Amino acid sequence: QVQLVESGGALVQPGGSLRLSCVASGNLYNVPIMAWYHEAPGKERELVARINRRGVRDYAQPVKGRFVISRDNTQTTHYLQMNSLRPEDTGLYYCTRETVTGIIYWGTGTLVTVSS
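Just so we're aligned, residue 196 is where the sequence shown starts under our numbering, counting upward by one.
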């Protein structure tokens, strides 16, 4: 089993920055892929950013150039640095750990609100 705990969500003004963190525990050997998903109010959950075992990163088009996914050297924690935040970035952010075969373990989410 894999347990994930997110933190870092907050109320921030447009143009501001936040850093989300995700701490993983449990059997992490088979879940090398780390990602963040965004669920805007009334919308489906969507992938924001992903980093694989080799450190290759993918980003959703709306966040390219603004968000950066990273991880620590122990690979138990990964982060989402969010810059130039927009009101449409508002919502719940979920971190995940994923197997290469597509099994996903989810955190419980952290709320980001971008508003003046």
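Backbone N, C-alpha and C fix where the C-beta goes; we use that ideal spot for every residue, glycine too.
Model, not experiment: these values are computed from the prediction.
Between the alpha carbons of residue 227 and residue 310 lies a distance of about 34 Å. Here residue 196 carries a coil assignment [DSSP, helix/strand/coil]. If you look at residue 275, you'll find it in the beta strand (DSSP E) that goes 272-277.
Look at residue 267 here: in three-state DSSP terms it is coil, with no helix or strand label.
For residue 228, the enclosing beta strand (DSSP E) has its first and last residue at 228-234. With a cut-off of 8 Å on Cβ pairs, the region 263-272 is in contact with the region 203-220, counting three or more such pairs.
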